[in-house]
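A quick write-up on the structure given underneath.
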Amino acid sequence: MPFIPHTPDQVAAMLAVIGVEAIDDLFDEIPADLRAGELKGIPAALPEMEVGRLMAARARADGQPLCFIGAGAYDHHIPAVVWQLVARGELYSAYTPYQAEASQGTLQILYEFQSMMTALTALDVSNASLYDGASALAEAILMAVRANRHGKARRVLVPRGLHPRYRAVARAIVGQQDIELVEVPFDPAGGHLTLEALAPFAAEPFAALVIPQPNFFGVLEEVDLLTDWAQAQGALVIGVVNPVALALLSPPGAWGQAGADIACGEAQPLGMPLASGGPYAGFLCCKEALMRQLPGRIAGRTLDLEGKPGFTLTLQAREQHIRRSRATSNICTNQGLLVSAATIHLALLGAEGLERVAAACHANTLRLSASLCATPGVEPIFDRPCFHEQALRLPAPAADVLRSLAAHNILGGYDLGTDYPELGPAILVCATELRAEEDIAAYATKLARVIATRTQARCPVEPKF
Amino acid sequence: MLIQEISHPGRRASAQAPLSRAEVGDLPAHLRRASPPALPEVSELQAVRHYTRLSQKNFSIDTHFYPLGSCTMKYNPRACHSLASLPGFLARHPLAPVTHGQGILACLHELQELLGEVTGMHAVSLAPAAGAQGEFAGVAMIRAYHEARGDRGRTEILVPDAAHGTNPASAAMCGFKVREIPTGADGDLDLEALRAALGPQTAGIMLTNPSTIGVFDRRIGAVAEAVHAAGGLLYYDGANLNAILGQVRPGDMGFDVIHMNLHKTFATPHGGGGPGAGPVGVSARLEPFLPLPLVTREGQDYRWLEEADRPHSIGRLTAFGGNIGILLRAYIYARLVGREGMKRIADYASLNANYLFKRLIAAGFEPAYGQRRASHEFILTLRREAKATGVNAMDFAKRLLDYGFHAPTTYFPLLVPECLLIEPTETETPEELDSFVAAMTAIRAEAETDPERVKGAPHSLPVRRLDDVRAAREPDLAWKGSPAHG
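Those protein sequences? They're chains G and E, same order as listed.
Residue numbering for the first sequence follows the numbering used here, beginning at 369 and increasing consecutively.
Residue numbering for the second sequence follows the numbering used here, beginning at 57 and increasing consecutively.
Here it is, written out as structure tokens:
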């Protein structure tokens, strides 16, 4: 019996204590007509070695292609230390730290994580994480609408240059509370958000403006101008930021005159493997004035009854297990294991290491873009400075080109056509610090060939067979 | 000491970053960071030692018994972690094409199918990242279903007074009003109160069965009939699925939508608070509304179902399809346990719970619902002990930590005074359960002879009882120093 330790004699003794004859008698309060029959659709048990064989074959089937996709999930170096420590049973198999005295390890890690995130974002307060970057944005929007004391506006301005999946998730979650997300177009030349584009949307009151930095295209936004403009209208500013980029770019707390009010984003680049999309962790930080509107777990430092410092979950009056239907959110998870990974990752890199990673990603992406643009007809779409990603126009259908590259085990980028048909054939490319010069050269060579076969003048004479 | 406090300016774990700093002169100066963030500066060994020591300050399943009611803290098989960490799985980008994902998609598709089978639901989506997000998705589907029928007056969700706090909070997240239904004296839902509350405003009811009281609601058939007759739908909170796995299926009880907590029933790690995974299963009439993405099989090939395939979906809940690494662990667990193992989980979880229940009653503890059969968990009330000695349920819980047991769930459900909600799970030996009974008995004896000893517990942990009031009144939520002066 996998993972069940009972021996037959023990079972007999336990049944005698309970006063029943068989284990099945323990289900005697379930109406007999409801009892399940055999679960035919579930395969029989396999020993670990058999499951191991199956999973090894499946993992191999997914291949290990050369990846030039970013688009919200990034293939960074993860120090060996990170997952060796995170996989320790004391972290891996611990429960939510409700019993603070028996959870000081987890709680201190949460506090250290919160400290690192406030340092990165230059904001006052951080929670102990949410599910992922996109759901963190949804919570940030709910928070901004609750906190907006200037009016009852339930409109939030969201740039079209924000990650399409983030827009979709925010719509699915905040739409349930009849909050309207208004899409603001990007500048066709720069790919960024402009005050001219925003102005018409300010005719009616809005609770918040979302500013991604960089945006989905990797384009850098004029965050100071945008922040000052939105706050002058009485709205809050929500920054959506990449934590690695924050080593180089101005942090949300320093945007404009007063700083962004809320910042959120995806912590995956901090020590989390790509893993097909999860588990990752969302982070959410804010100014102190909004602290009691924050959703999710928060660890705090306090004293024990001998006056010794210790850590505990705090401000729980915001949460579902206390406030029930009036809680700030229904969430009771924090992505504890991933937060541990992020904390250890940041401790190992420090500010200097993180800046080197960010700079290497940026330089590699520029090198990639330049190499790919050597092929005629391949060119950057936007003329603004970019960070970490670049949108490229192709002279042939993007899906077709990407399919050919994938057949050669190169994932050439994200097809922008699905979400942005107005851009024509276009892809979003990224080269993290893990892509070597020869990887970039291999991609550029392959792309040139793939494009050539699709753009060369067709033979004027129809071949006859 | 915090990692920030052992930091020293200029120190680095230099093997972990590129050798040099690349040129970034093209980034406009006004968009650049003015000063570096205050992150720790430590060596690799310092980090390893710091976090290893911190880990040792935790209780965990690998080190301690967790009789934590409603949380199903069972053994997390190590194979699930190692096999889900195979390089092919870890390295796969979420937006990689399906040609480079047939392995993971096959696992996810089979997981969808087997979760549907074990719960008796017509279709399953793996998208929700945790139980509470599963609840959100379930309630959002209930709303979408009524709206699609043009039935717009259904503004209310019913929840029992014993429900998890996430139930009313999830209903509120979806814009519903919440109405509580009392629990009857026998522990089952008060059917008369339910009938009185039902009406054209009822969108649905959220139930846990077995309930958080640890008993199976025997009148579930009548509850389902009444709610359906009023035009409402039934939501099943899968927090206690471990109790009935393979024995009775929520679909057969009449539920229209359910969520499962894979970090409970399917043994994926709790990780100190997450990640979880909260797949949702639905009856046929709710299938069009399932959250995305879904995995489908066409011939020998698997692919994602997306917006174009499911225009009525409630949408996406995370950017990339949920906590896939956790889903993978649950799939591996299901394959290790297999068909017979599913039923055996509930068998032995119930055996352990009923054995521990009877032994604690025999030791003189008062059951809250002693006339009922325990499911996989049960409630004791310590109101007699509290009255006689002044030692309350929280003191017992804290003292158990000194005895090497994680505390049971305390003060939940809210309707039982001074309660401990105890769930041993199937992976504990009877010897461990006997030790727990011995510890409870010893603590009661201490409460009678030396109550201050118990009220001051814990005594042997890294910290004594912490001042929660101070933590909330004077929030210290982040280190405010600068590492240069740490």
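Yeah, the Cβ is synthetic: ideal placement off N, Cα and C, and Gly gets one too.
In this structure, how does DSSP classify residue 834 of chain G when only helix, strand and coil are distinguished?
Any question about residue 834 of chain G goes unanswered here, given that chain G covers just 369 to 833.
Could you give the DSSP three-state label for residue 463 of chain G: helix, strand or coil?
The residue you call residue 463 of chain G lines up with position 95 of the first sequence. Residue state, collapsed to three classes: coil.
For the alpha helix (DSSP H) containing residue 688 of chain G, list its first residue and its last residue.
Taking the first sequence and counting its residues from 1, one reaches residue 688 of chain G at position 320. 688 to 691 is the span of the alpha helix (DSSP H), which, as asked, contains residue 688 of chain G.
Output, in sequence order along the chain, the residues in the region 136 to 156 of chain E whose CB is closer than 7 Å to any CB in chain G.
137, 139, 142, 143, 144, 145, 146, 147, 148, 149, 150, 151, 152, 153, 155, 156
In chain order, what residues of the same chain lie with their CB nearer than 7 Å to the CB of residue 669 of chain G, ignoring the 5 residues before and after it?
In the first sequence, residue 669 of chain G corresponds to position 301, counting from 1. Cβ contact annotation for residue 669 of chain G (same chain, cutoff 7 Å, sequence separation greater than five): 479, 677, 679, in chain order.
Could you check whether residue 463 of chain E and residue 476 of chain G sit closer than 9 Å to each other, using their CB atoms as the reference points?
Working through the first sequence from its first residue, we reach residue 476 of chain G at position 108. Working through the second sequence from its first residue, we reach residue 463 of chain E at position 407. No.
Do we get a CB-CB distance below 9 Å when we pair residue 416 of chain E with the residues of chain G?
Numbered from 1 along the second sequence, position 360 holds the residue referred to as residue 416 of chain E. It does not; no Cβ of chain G falls within 9 Å.
Just the C-alpha distance for residue 182 of chain E and residue 376 of chain E, rounded to the nearest angstrom, thanks.
Mapped onto the second sequence, residue 182 of chain E falls at position 126. Mapped onto the second sequence, residue 376 of chain E falls at position 320. Approximately 11 Å, taken between the alpha carbons.
Of the choices G/775, G/755, G/770, G/819, whose alpha-carbon is the least far from that of residue 586 of chain G?
Looking up residue 586 of chain G in the first sequence gives position 218. Taking only the C-alpha atoms, the option nearest residue 586 of chain G is G/755.
Contact check, residue 411 of chain E vs residue 386 of chain G, beta carbons under 9 Å
Against the second sequence, residue 411 of chain E aligns to sequence position 355. Against the first sequence, residue 386 of chain G aligns to sequence position 18. Yes, the Cβ-Cβ distance between residue 411 of chain E and residue 386 of chain G is below 9 Å.
So residue 465 of chain G contacts chain E; which residues on that side make the cut at Cβ distance below 9 Å?
The residue you call residue 465 of chain G lines up with position 97 of the first sequence. In chain order, 114, 328, 329 make up the part of chain E whose C-beta sits under 9 Å from the C-beta of residue 465 of chain G.
9 Å Cβ cut-off: residues of chain E touching residue 724 of chain G
Here residue 724 of chain G is taken as the residue at index 356 of the first sequence, counted from 1. Those within 9 Å of residue 724 of chain G in chain E are 73, 74, 75, 76, 77, 78.
Under 9 Å, CB to CB, which of the residues in the region 406 to 423 of chain G have a partner in chain E?
406, 407, 408, 409, 410, 411, 412, 413, 414, 415, 416, 418, 419, 420, 422, 423
Closer than 7 Å between beta carbons: that is the criterion. Which residues of the region 511 to 541 of chain E meet it against chain G?
514, 517, 518, 519, 520, 521, 522, 523, 524, 526, 527, 528, 531, 532, 533, 534, 535
Short CB-CB distance (under 9 Å) between residue 469 of chain G and chain E:
Walking along the first sequence from the start, residue 469 of chain G turns up at place 101. Interface residue, yes.
Using the Cβ count rule (16 or more neighbours within 10 Å means buried), how would you classify residue 541 of chain E?
The count along the second sequence starts at 1 and reaches residue 541 of chain E at position 485. Reliability of the predicted coordinates at residue 541 of chain E is poor, the pLDDT of 39 falling under 50, and the value obtained from them is presented with this limitation in mind. Result: exposed.
With 9 Å as the limit, tell me which residues of the region 121 to 132 of chain E have their beta carbon closer than that to any beta carbon of chain G; keep them in chain order.
122, 124, 127, 129, 130, 131, 132
Taking C-alpha atoms, which residue in E/109, E/413, E/456, E/525 lies nearest to residue 486 of chain E?
Sequence index remark: in the second sequence, residue 486 of chain E carries index 430 (1-based). That would be E/413, whose Cα lies nearest to the Cα of residue 486 of chain E.
Tell me the rounded alpha-carbon separation between residue 407 of chain E and residue 391 of chain G.
Working through the second sequence from its first residue, we reach residue 407 of chain E at position 351. Working through the first sequence from its first residue, we reach residue 391 of chain G at position 23. In a straight line, the C-alpha of residue 407 of chain E is about 7 Å away from that of residue 391 of chain G.
Based on Cα-Cα distance, which residue from E/504, E/423, E/353, E/365 lies nearest to residue 477 of chain E?
For the purposes of this step, residue 477 of chain E is taken as the residue at position 421 of the second sequence. Ranking the options by Cα distance to residue 477 of chain E, first place goes to E/423.
Compute the distance between the beta-carbons of residue 712 of chain G and residue 453 of chain G, then report whether it is under 9 Å.
For the purposes of this step, residue 712 of chain G is taken as residue 344 along the first sequence, with counting starting at 1. For the purposes of this step, residue 453 of chain G is taken as residue 85 along the first sequence, with counting starting at 1. Yes. Within cutoff.
With burial defined as no fewer than 16 other Cβ atoms inside 10 Å of the residue's Cβ, what is the status of residue 111 of chain E: buried or exposed?
Against the second sequence, residue 111 of chain E aligns to sequence position 55. Looking at its Cβ environment, which holds 16 or more other Cβ atoms inside 10 Å, residue 111 of chain E is buried.
Going by the CB atoms, is the gap between residue 809 of chain G and residue 737 of chain G shorter than 9 Å?
For this step, residue 737 of chain G is matched to residue 369 along the first sequence. For this step, residue 809 of chain G is matched to residue 441 along the first sequence. Not closer than 9 Å, so no.
So, for residue 278 of chain E: in the same chain, excluding its five sequence neighbours on each side, which residues have a beta-carbon less than 7 Å away from its beta-carbon?
Start at 1 with the first residue of the second sequence, and residue 278 of chain E comes out as number 222. 247.
Can you tell me which residues form a DSSP beta bridge with residue 423 of chain E?
Locating residue 423 of chain E in the second sequence gives position 367, where the first residue counts as 1. Answer is E/436, bridged to residue 423 of chain E.
Bounding residues of the beta strand (DSSP E) (the contiguous stretch that carries residue 216 of chain E):
To locate residue 216 of chain E, count along the second sequence from 1; it is residue 160. Counting along the chain, the beta strand (DSSP E) containing residue 216 of chain E begins and ends at 212 to 216.
Report the start-end ranges of each alpha helix (DSSP H) in the region 388 to 449 of chain G that is 4 residues or longer and not cut off at the edges.
The alpha helix (DSSP H) runs lying completely inside the region 388 to 449 of chain G and spanning 4 residues or more are 416 to 429, given in chain order.
What are the residues of the region 561 to 591 of chain G that lie near chain E, defined by any Cβ-Cβ distance shorter than 9 Å?
581, 588, 589, 590, 591
Which residues of the region 460 to 494 of chain E have a Cβ closer than 7 Å to any Cβ of chain G? Give them in chain order.
462, 463, 482, 483, 485, 486
Tell me whether residue 292 of chain E sits in a helix, a strand or coil according to DSSP, three-state version.
Taking the second sequence and counting its residues from 1, the one referred to as residue 292 of chain E is at position 236. Strand at residue 292 of chain E.
Touch check for the region 429 to 438 of chain G and the region 697 to 713 of chain G: three-plus C-beta pairs under 8 Å?
Contact between the region 429 to 438 of chain G and the region 697 to 713 of chain G is absent, with fewer than three C-beta pairs closer than 8 Å.
Sort E/319, E/496, E/227, E/368 by Cα distance to residue 461 of chain G and report the nearest one.
Translated into the one-based positions of the first sequence, residue 461 of chain G becomes position 93. The residue among E/319, E/496, E/227, E/368 with its C-alpha nearest the C-alpha of residue 461 of chain G is E/319.
Partners in chain G for residue 544 of chain E, counting only beta-carbon separations shorter than 7 Å:
Here chain E comprises residues numbered 57 to 542, so residue 544 of chain E is not present and cannot be evaluated.
Whole-angstrom distance between residue 506 of chain G and residue 537 of chain G, CA atom to CA atom:
In the first sequence, counting from the first residue as 1, residue 537 of chain G sits at position 169. In the first sequence, counting from the first residue as 1, residue 506 of chain G sits at position 138. Approximately 7 Å between the Cα atoms of the pair.
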